[in-house]
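Peer 1: Sharing a structure here in structure tokens format.
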Amino acid sequence: MPRTTTVECPGCPPIRALTTDVLGLVKVVEVSGKIGTPKVVETWGPPDASRSVVTASFADRKTNPLLAVARKNGLVEFLNPLNGNALATVTVKDCVSSSNSTEDELVAGLHLLGTKGTELSSKSSTFLMCTEKGKACLKSIMLGDASPDSSLADAPSTWNVCGAGNVLCSSVDGAENFALFGGKGVELNVWDLEKCSKIWTAKSPPCNSLGIFSPTWFTASTFLSKDDHRKIAAGTNNRQVRLYDISAQRRPVISINFRESPIKVVTEDLDGYTVYVGTGCGDLASFDMRTGKLLGCFVGKCSGSIRSIARHPKLPIIASCGLDSYLRFWDTKTRQLLSAVFLKQHLTSVLLDSHFSSEEIEPADQSSDLQAIDHSEVENDDELLLLTRKSKTSRKKVQNKIKAEKIKRESQYDEMSDEDDEPTTFDADDDDEMPATKRKKTLGGKEKNVRLKQKKSKKRIG
Amino acid sequence: MVEGKRKREPAVAGAQVEEEKKSRDGKDKKRRMLPSLIKNKLKRMEVHAKVKREKRVEKKKKAKARVDAHKRALELGEEPPPVRIPRTIENTREPDETVCKPDDEELFVGNDADEFSQILKQEHAPKILITTCRFNSSRGPAFIQELLSVIPNAHYHKRGTYELKKIIEYANKKEFTSIIVVHTNRREPDALLIINLPDGPTAHFKLSKLVLRKDIKNHGNPTSHKPELVLNNFTTRLGHRVGRLIQSLFPQDPYFRGRRVVTFHNQRDFIFFRHHRYVFESKETKVDTKDTAAKNDKGKNLIQTKMIARLQECGPRFTLKLISLQHGTFDSKGGEFEWVHKPEMDTSRRRFFL
Chain A
1 MPRTTTVECP
11 GCPPIRALTT
21 DVLGLVKVVE
31 VSGKIGTPKV
41 VETWGPPDAS
51 RSVVTASFAD
61 RKTNPLLAVA
71 RKNGLVEFLN
81 PLNGNALATV
91 TVKDCVSSSN
101 STEDELVAGL
111 HLLGTKGTEL
121 SSKSSTFLMC
131 TEKGKACLKS
141 IMLGDASPDS
151 SLADAPSTWN
161 VCGAGNVLCS
171 SVDGAENFAL
181 FGGKGVELNV
191 WDLEKCSKIW
201 TAKSPPCNSL
211 GIFSPTWFTA
221 STFLSKDDHR
231 KIAAGTNNRQ
241 VRLYDISAQR
251 RPVISINFRE
261 SPIKVVTEDL
271 DGYTVYVGTG
281 CGDLASFDMR
291 TGKLLGCFVG
301 KCSGSIRSIA
311 RHPKLPIIAS
321 CGLDSYLRFW
331 DTKTRQLLSA
341 VFLKQHLTSV
351 LLDSHFSSEE
361 IEPADQSSDL
371 QAIDHSEVEN
381 DDELLLLTRK
391 SKTSRKKVQN
401 KIKAEKIKRE
411 SQYDEMSDED
421 DEPTTFDADD
431 DDEMPATKRK
441 KTLGGKEKNV
451 RLKQKKSKKR
461 IG
Chain B
1 MVEGKRKREP
11 AVAGAQVEEE
21 KKSRDGKDKK
31 RRMLPSLIKN
41 KLKRMEVHAK
51 VKREKRVEKK
61 KKAKARVDAH
71 KRALELGEEP
81 PPVRIPRTIE
91 NTREPDETVC
101 KPDDEELFVG
111 NDADEFSQIL
121 KQEHAPKILI
131 TTCRFNSSRG
141 PAFIQELLSV
151 IPNAHYHKRG
161 TYELKKIIEY
171 ANKKEFTSII
181 VVHTNRREPD
191 ALLIINLPDG
201 PTAHFKLSKL
211 VLRKDIKNHG
221 NPTSHKPELV
231 LNNFTTRLGH
241 RVGRLIQSLF
251 PQDPYFRGRR
261 VVTFHNQRDF
271 IFFRHHRYVF
281 ESKETKVDTK
291 DTAAKNDKGK
301 NLIQTKMIAR
311 LQECGPRFTL
321 KLISLQHGTF
331 DSKGGEFEWV
341 HKPEMDTSRR
351 RFFL
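Protein chains in written order, with UniProt numbering: chain A, 1 to 462; chain B, 1 to 354.
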């Protein structure tokens, strides 16, 4: 008999993921039942290569969730992530308001704001957008009409992130007061969104022992924790994962070399110190940024470049997708592959809907139908949505946990930031260990802890 | 002494009978006992020879029975018994969800939009640049000579000391559509890099079993007509993409009168390259003897004409195996891969990627 060695995947708990791909399709993948295999439930949009999705952002709210999709042809579409109806469309040119440029600019970063703060009125939404040339804009938009030039709620505020170079990555911190940009030839810089002013710029690390200077080329960046904008994790094209601390220094505090291909995506965990890193040849790994140690790799026949990683806000699950056109779900604790779905196209981003529970698919569908019929009855819809989505308690628990961990974390960070000015560089190839001296330092830094906090408070005042 | 022997013999015979009885009971047991477990060499050889003979006879019997059954069925005008299909590794391939299906709409839209569609729709004529690695000698140039004769509109450029990225830039300027880099190691071509321009994927193949034209017996010399192309068994998405990459190297309007055919045959992830000239001939064969005997009085000059195709191999023969497919043009440091072969993917010999 032929020996079949297909490893059985254990399956996922109920989860809902949205993926976007190069043909401009948005696919909804759902796991129904307690533990099951994910299936493609819906596909939105006609397949068309010119509408290829560049980036996407998802406002993961309990009511009025919103999906924004930036396309290659210079359009930004706002979709209802429950039924795929287009709510509004904006052209990138209008937002950036560059009068003299004629060609379309690709969007490098797109972030929907107001994801968790006060419930804004459901008819408008604020978003931050940045093009590859470095033009950023903060803008709010009226939702509801799908015409291409929908009216702007207010005049957009635009600014230039950089003079030259390409912006490749951007990120917004949890409180949505700060934004982070970086790219090819663009050092990481942090902007205050309220004042639209630059508050910090990174400095490239010095030449190595051979006198070779590696040019700046950031490919991925993220704020390390939801409620602290001072720690930044970034990935570079020359295979480094770096940790920056705004309050400490302009050069990286830690930089780790990882394997042989460029880092393509860096995503933070909820605990505020773990990051998930995906590379250009399909390696997926998690790092502990307190020590810079490799926690482990996610092994599972991943053969194409990873373009996007998403962490589920409640369950210990991450989803990854990329050029091998598989959407994979992983367990973060065991680093085991839970399941994989083949989605036929090169995927560009994956987004997880945390407010999904498998039992209530039908009412959700009903509500979406209602919404499709009548947009004016938004309030009714809201009530229905409230009915369909539940589990407040679990959310609270998670939040409590986060708080507890935050306190722990801060003390550990203070130790770290108190190291000498030189960045610590070492290899983390699978089982490499930290140099003994460094470890000693991190352990012995507790006495300095108090002093440093005092310093910090002074800095803040200053 | 004699008496003693006589006395013993019946006892031995009795024992043998007993043994036989036992063996009949546990026939399977005895069969299963391997001759290799016998410690005496002479005995072992003897038993082994016997077992082998038995097996051969049995096999012949089975084959004869099968042939007889087939003949009988034909005589009676019945359906002949179904021919049994041997189980091969390809037959028992692990089910793969990435295999292309003919009713897949996304696949066709994706095809229309991909990097090769312009050439495959004949909007552009393919123009190929062939170059080598830095050090090139012996079989490398000979192989390139033959590649030039296989691929129409191919141009050889010396590598010199240029970087590959510079060459790609140059080729883009001169409107080449693909670059082929032949890599040699120890004066033996061992890798092939196919880069689709201007921004198409880069495929890296391992090249092995290269036989040049002069080493093929009774080889023909190819003409300069545009060849026909045969691509076999590129089934999965990845295979489909690699197939299209190869297809875009050749002009899409073959000159059928030239009777040249170039084959890329994929089997178990190995891509076999062959280059043939074919000819259709009408061959005259005499009608079977039985029939002639029956129709003897009508005349002996009954001759049937039959169309047969004959092949003559010309031009190199080699095998490719995909190592990686890179997104974008060649970039060894910052490249993104669509597919890389990793050792952890080799979990089964029945798992194929193309």
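Cβ coordinates follow ideal geometry from the N, Cα and C atoms, glycine included.
1. Check the Cβ-Cβ distances between Gly282 (chain A) and every residue of chain B, and say whether any is below 9 Å.
2. With a threshold of 16 other CB atoms inside 10 Å of the CB of Ser197 (chain A), please say whether the residue is buried or exposed.
3. Using the Cα positions of Gly163 (chain A) and Cys169 (chain A), report the straight-line distance between them to the nearest angstrom.
4. What residues of chain A sit near Gly160 (chain B), judged by a beta carbon separation below 7 Å?
5. Mind listing which residues of the region 330-348 of chain B have their C-beta closer than 8 Å to chain A's C-betas, in chain order?
6. List the whole-angstrom C-beta distance separating Leu323 (chain A) from Glu336 (chain B), where the pair is believed to meet the contact cut-off of C-beta under 8 Å.
7. Beta-carbon of Asp112 (chain B) versus every beta-carbon of chain A: anything under 9 Å?
8. Please report the straight-line C-alpha distance between residue 357 (chain B) and Tyr326 (chain A), rounded to a whole angstrom.
9. Please state whether the Cβ-Cβ distance between Thr223 (chain B) and Val181 (chain B) is less than 9 Å.
10. Using only the alpha-carbon positions, how far apart do Gly282 (chain A) and Lys264 (chain A) sit?
11. Quick one: list the residues of chain B neighbouring Gly304 (chain A), beta-carbon separation under 7 Å, in chain order.
12. Establish whether the CB of His265 (chain B) and some CB of chain A are separated by less than 9 Å.
13. Beta-carbon of Val299 (chain A) versus every beta-carbon of chain B: anything under 9 Å?
14. Quick one: using the 10 Å Cβ neighbour count with 16 as the cut-off for buried, is Lys133 (chain A) buried or exposed?
15. In whole angstroms, give me the CA-to-CA distance for His225 (chain B) and Asp96 (chain B).
16. Within 10 Å of its beta-carbon, does Phe116 (chain B) have 16 or more other beta-carbons around it, so buried, or fewer, so exposed?
17. Would you call the CB atoms of Tyr276 (chain A) and Ile254 (chain A) closer than 9 Å?
18. Buried or exposed: where does Leu311 (chain B) fall if 16 or more other Cβ atoms within 10 Å of its Cβ makes it buried?
19. Are the beta-carbon atoms belonging to Leu107 (chain B) and Pro201 (chain B) less than 9 Å from one another?
20. Does DSSP put Arg186 (chain B) in a helix, a strand or coil?
21. Mind checking who Arg317 (chain B) pairs with in its DSSP beta bridge?
22. Note down, in chain order, all residues in the region 88-108 of chain B with a beta-carbon under 8 Å from any beta-carbon belonging to chain A.
23. Identify which residue in A:Val41, A:Ala233 and A:Leu270 has its Cα closest to the Cα of Ile317 (chain A).
24. Can you have a look at Ser157 (chain A) and say buried or exposed, based on whether 16 or more other CB atoms are within 10 angstroms of its CB?
25. For the region 94-121 of chain B, list the beta strand (DSSP E) runs that are entirely contained and at least 3 residues long, ordered along the chain.
26. Would you verify that the beta carbon of Asp324 (chain A) is, or is not, closer than 9 Å to some beta carbon of chain B?
27. CB Leu120 (chain B) to CB Ser178 (chain B), shorter than 9 Å?
28. Please confirm if the region 174-194 of chain A is in contact with the region 211-222 of chain A, defined as three or more CB-CB distances below 8 Å between the two stretches.
29. Mapping DSSP to helix, strand and coil, what is Ala86 (chain A)?
30. Does DSSP put Ala164 (chain A) in a helix, in a strand, or in coil?
31. Give the residues of chain A in contact with His327 (chain B), contact being defined as C-beta atoms less than 9 Å apart.
32. Going by other Cβ atoms of all chains shown within 10 Å of its Cβ, with 16 needed for buried, is Tyr273 (chain A) buried or exposed?
33. Starting from Asp60 (chain A), trace the alpha helix (DSSP H) both ways and give me its first and last residue.
34. Would you verify that the beta carbon of Leu354 (chain B) is, or is not, closer than 9 Å to some beta carbon of chain A?
35. So, does the region 164-176 of chain B touch the region 272-285 of chain B, judging by three or more C-beta pairs under 8 Å?
36. Cβ atoms of Lys209 (chain B) and Arg317 (chain B): under 9 Å apart, would you say?
Peer 2: The structure says:
1. yes
2. exposed
3. 16 Å
4. Simply none; closest approach about 26 Å.
5. Lys333, Gly334, Gly335, Glu336, Phe337, Glu338, Trp339, Val340, His341, Lys342, Glu344, Met345, Thr347 and Ser348
6. 6 Å
7. yes
8. Not covered by the structure: residue 357 (chain B). The range shown for chain B is 1 to 354.
9. no
10. 10 Å
11. Phe337, Glu338 and Trp339
12. no
13. yes
14. buried
15. 39 Å
16. buried
17. no
18. exposed
19. no
20. coil
21. B:Val211
22. Thr92, Glu94, Glu97, Thr98, Asp104, Glu105, Glu106 and Leu107
23. A:Leu270
24. exposed
25. none
26. yes
27. no
28. yes
29. strand
30. coil
31. Gly280, Gly304, Ser305, Leu323 and His346
32. buried
33. Premise fails: Asp60 (chain A) is in no alpha helix (DSSP H) and is neither H nor E.
34. no
35. no
36. yes
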